[in-house]
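If you read the protein sequences in the order shown, they are chains A and B. Adding 504 to a residue's 1-based position in the first sequence gives its number in the working numbering. Adding 231 to a residue's 1-based position in the second sequence gives its number in the working numbering. For every residue, glycine included, the Cβ atom is placed at its ideal position computed from N, Cα and C. What you are looking at is a predicted structure, and each value in this text was computed from that prediction instead of being measured.
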Amino acid sequence: MLLEVKNLHANVAGKEVLRGINFEVRPGEVHAIMGPNGSGKSTFASVLAGNPKFEVTAGEVLYDGVDLLSLPIEERARQGLFLGFQYPVEIPGVSMASFMKAAVAERRKALGLEPLSSAEFLKLVREKSKIVELDGKLVSRSVNEGFSGGEKKKNEIFQMAMLEPRLAVLDETDSGLDIDALRIVATGVQRLRTPQNATVVITHYQRLLDYIIPDFVHVLYKGQIIYSGDKTLALKLEREGYDWLIGSQQ
Amino acid sequence: MNGLQKIFKQTALGERPTGVEWFDAVRHRAVLTWGEMELPDTKTEDYRRFNLRAAMESVACRAEGDCSMFEPLDLEGEVVRCDNGRVADAEYSILTPPPIAEYGSLTSAIASAVLNTALAEDAVVVRVARGESRKVVLDSRFKGTKGALAVSRVLVVVEEGASLELSDVCRTEGEVVALRCREVIVGRDANVKIADVVENPEGTVIDHRYTSQAEGSSTRALFGDVSRGASRVDVVTLLNGPHAEAVCDGVYVATHGVRDIRLDVQHLAGECQSSELIKGIAAEGGRGSFAGRIYVAPDSQKTDASLLNRNIVLGTDAKIYTKPTLEIYADDVKCSHGATVGQLDPEAVYYMRQRGLSQQAAERLQLLGFAAEVVERFGGQAAERIAAAVEHKLQTL
Ligand SMILES: Nc1ncnc2c1ncn2[C@@H]1O[C@H](COP(=O)(O)OP(=O)(O)OP(=O)(O)O)[C@@H](O)[C@H]1O
Ligand SMILES: [Mg+2]
């Protein structure tokens with residue numbers, strides 16, 4: 505098992521937003537998490553990543569058998585947990601290149617690999633930016649600064665490609681993308697799939713799942729996973745909305 | 232009698248004349264001016280946090296230290312070495328050039344400048360002739376123990392249509408007090424680029440950088456100050472003729488001591504442009520103080536000026552003070568000023584940590600990024616040296 509989440513509860517600003525999540529991911533799987541706005545999807549992703557804004561009040565998360573919640577943010581990342589942000593952060597003055605160079609070095613160190621030479625690093629950048637057709641010029645700019653909404657999302661997947669995570673949690677990576685960009689990004693993610701890694705995509709739209717075919721689709725509502733199914737669930741949700749599920753909850 | 236008075240007496244009574252007539256004459260005038268001045272302190276000076284009086288009263292003697300142990304500078308250009316104010320190469324000293332009317336012409340009655348003029352025993356003189364283009368590196372070295380005073384003076388004249396790239400690297404060793412003053416006279420349509428780097432620990436640096444620009448001239452300046460000791464600088468820029476342009480940026484990292492910066496840009500003719508962006512980082516009990524002014528004289532219409540001071544404070548015992556002001560006496564102008572004091576962005580730190588960077592690495596990268604804007608705007612070898620010095624300094628935090 506790559507990820508085991510048991511009865512996870514979390515608060516933000518004194519309010520309970522995760523209310524007992526149970527969730528399992530095996531290597532090679534793709535999971536989709538859907539659910540109405542404000543149901544706790546981003547919170548769940550943030551808690552996995554270790555965002556200090558959220559306080560875990562109960563439950564357990566095992567990542568590759570290790571207690572994930574006891575690891576600092578960066579250690580989780582180095583061990584191969586990647587969060588694609590719903591709202592990527594702009595960092596003025598910090599170049600993508602220097603940021604990624606440091607990030608790749610840390611990831612490689614955790615894998616017991618030597619740091620890349622400058623030439624090797626540049627080669628990797630070229631190779632990986634092709635996967636998401638990211639404009640090479642963006643890599644020489646400051647992190648996300650002045651990037652368009654779509655460019656920011658592409659940039660997240662570019663970083664994912666650079667870091668080769670074992671578990672990628674992509675929070676609404678499809679929102680804000682035009683039709684072509686969506687196809688590019690989604691096929692990019694699809695190409696990064698291996699039997700060893702796994703992907704959790706948080707999305708509102710079935711469209712993305714045409715490219716990234718999920719093994720499981722879950723519905724998160726009011727801080728709990730209230731329903732799980734296969735890829736046909738996404739189609740049903742697209743047609744019928746959440747009412748039929750939420751109704752049975754109340 | 233205190234140390235400064237003793238030094239003064241020696242100089243004023245002509246016990247240590249330079250023997251260069253024109254130079255001694257200017258010095259004599261400054262001695263007389265000084266006689267009517269008082270050493271200012273933080274009570275008598277507005278918005279200053281470096282106490283000039285206290286620094287000067289701590290002086291006991293002139294610095295006589297041997298400055299040969301500093302690494303040679305790896306910057307391109309004609310290198311002019313100056314040890315505790317003494318110029319190594321006569322070609323660039325007061326001995327070679329004929330009397331220069333411009334020397335001592337600075338019109339800002341700043342106490343440290345008057346004192347510098349009175350006490351200087353030598354000066355770096357660089358004259359870039361009409362239409363010439365030169366690259367000069369000033370290797371300003373200061374060494375002395377506590378109580379030692381070094382007086383260093385620089386005169387740069389850039390004649391009509393000439394261009395100069397000047398890098399002034401100030402390094403100190405020991406608790407020496409460096410009293411520095413530089414006047415740069417920029418002729419019509421001349422172009423000047425100046426980088427000031429203040430490196431190394433411990434010493435106290437008191438600086439006056441004066442630039443006087445004629446019509447159509449353009450200057451671009453960048454300073455970087457990463458010293459550990461205290462420093463105080465007055466940057467004065469006069470735009471005397473129309474269509475002159477001045478950019479003056481700076482970055483400093485204040486730890487331990489105080490960084491006291493005063494910037495004064497005077498638009499004395501219309502249709503000139505000026506822009507200043509000063510970035511400060513205060514950490515580990517350091518204090519940064521910035522007072523900036525844009526002055527627009529009556530009739531200096533179509534002035535375009537902006538002044539911005541941005542700061543980051545780290546920890547609870549560091550402090551930033553900032554006061555940008557506009558003083559405008561013309562009506563058709565475009566002027567802006569502003570100041571910000573902030574902390575590191577926790578969202579950015581979180582984002583970088585999510586990619587595997589340690590908290591410390593993430594914070595450092597963000598601080599470097601904060602400084603990078605001004606460094607990149609300037610560009611070139613000296614800017615790289617400033618960036619490297621800032622990076623090195625941040626690594627010690
Ligand atoms: N920093 C915060 N302070 C206060 N409340 C918060 C904070 N972050 C999230 N919340 C609240 O927690 C709940 C869950 O938010 P979350 O962002 O996880 O929802 P989501 O499912 O990702 O929604 P969306 O589909 O709109 O992205 C919401 O009610 C939200 O207002
Ligand atoms: Mg969300």
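Annotation for Glu533 (chain A): Ala702, Asp719 place their beta carbon closer than 6 angstroms to its own, counting only its chain and skipping 5 residues before and after. Taking a beta-carbon distance threshold of 8 angstroms, Phe601 (chain B) counts as an interface residue toward chain A. Nearest neighbour of Pro248 (chain B) by Cα position, chosen from B:Ile425, B:Asp465, B:Ile617, B:Ile325, turns out to be B:Ile325. Here Arg280 (chain B) has Thr273, Val489, Asp491, Arg518, Ser520, Tyr552 as same chain residues with Cβ atoms under 8 angstroms from its own Cβ, once five neighbours each way along the sequence are excluded.
For Ser602 (chain A), the chain B residues whose C-beta falls within less than 9 angstroms of its own C-beta are Leu596, Leu599, Gly600, listed in chain order.
Non-local beta-carbon contacts of Leu566 (chain A) in its own chain, meaning distances under 6 angstroms to residues more than five positions away in sequence, involve Glu508 in chain order. Listed in chain order, the beta strand (DSSP E) runs fully inside the segment 649-692 of chain A are 671-675, counting runs of at least 3 residues. Ranking B:Ala602, B:Arg595, B:Val580 by CA distance to the CA of Pro556 (chain A) puts B:Val580 first. Between the alpha carbons of Val359 (chain B) and Glu446 (chain B) lies a distance of about 17 angstroms. For the segment 571-586 of chain A, the beta-carbon criterion of a distance under 7 angstroms to any beta-carbon of chain B is satisfied by Ile577, Glu578, Ala581, Arg582. Taking a contact to require three or more Cβ pairs closer than 8 angstroms, the segment 422-434 of chain B and the segment 442-459 of chain B qualify as touching. Interface annotation for the segment 660-681 of chain A against chain B: Gln663, Leu667, criterion Cβ-Cβ distance under 8 angstroms. Looking at B:Leu380, B:Val290, B:Cys503, B:Arg413, the one whose alpha-carbon comes closest to that of Asp420 (chain B) is B:Cys503.
Against chain A, the beta carbon of Glu604 (chain B) has neighbours under 8 angstroms at Pro596, Gly597, listed in chain order.
Scanning B:Asp495, B:Ser371, B:Pro330, B:Asp562 for the CA closest to the CA of Ala319 (chain B) turns up B:Ser371.
Between Asp438 (chain B) and Val467 (chain B), the C-beta spacing is not below 8 angstroms.
With a threshold of 7 angstroms, the Cβ atom of Glu676 (chain A) counts as near ligand 2, since some heavy atom of the ligand is closer than that. Where Val387 (chain B) is concerned, the enclosing beta strand (DSSP E) starts and stops at 379-389.
Per DSSP, Gly266 (chain B) is one residue of the alpha helix (DSSP H) stretching across 252-266. Just so you know, the alpha carbons of Ile537 (chain A) and Asn526 (chain A) end up roughly 13 angstroms apart. With its beta carbon at least 8 angstroms from every one in chain A, Glu615 (chain B) lies outside the interface. Per the Cβ contact rule, the segment 344-356 of chain B is in contact with the segment 398-415 of chain B (3 or more Cβ pairs under 8 angstroms). Residue contact with chain A for Gly610 (chain B): absent (no Cβ-Cβ distance below 8 angstroms to any residue of chain A). In the same chain as Arg580 (chain A), and ignoring 5 residues on each side of it, the C-beta atoms closer than 7 angstroms to its own belong to Ala553, Gly554, Leu572, in chain order.
Leaving aside the five residues that flank Met664 (chain A) on each side, the residues in its chain whose CB is nearer than 7 angstroms to its CB run, in chain order, Phe586, Gly588, Ala672, Leu696.
Checking the 7 angstroms criterion, the Cβ of Ser546 (chain A) is within range of a heavy atom belonging to ligand 2. Taking CB atoms only, Arg541 (chain B) has no neighbour in chain A less than 8 angstroms away.
DSSP places Met505 (chain A) outside both helix and strand once states are collapsed to three, so it counts as coil.
With contacts defined as CB atoms closer than 8 angstroms, Ala609 (chain A) and Thr561 (chain A) fail to qualify as a contacting pair. With respect to Tyr715 (chain A), Arg687 (chain A) sits close: the two C-beta atoms are nearer than 8 angstroms. Excluding its 5 nearest sequence neighbours in each direction, Ala593 (chain B) has C-beta neighbours in its own chain below 7 angstroms: Val580, Met583, Arg584, listed in chain order. Counting along the chain, Phe521 (chain B) sits inside the beta strand (DSSP E) bounded by residues 518-527. In the structure shown, the three-state DSSP call for Ile730 (chain A) is strand. Look at Glu622 (chain B): its C-beta is not under 8 angstroms from any C-beta on chain A.
Within 10 angstroms of the beta-carbon of Arg361 (chain B) lie fewer than 16 other beta-carbons, which makes it exposed. In this structure, Val355 (chain B) sits away from Val310 (chain B), with a CB-CB distance that is not shorter than 8 angstroms.
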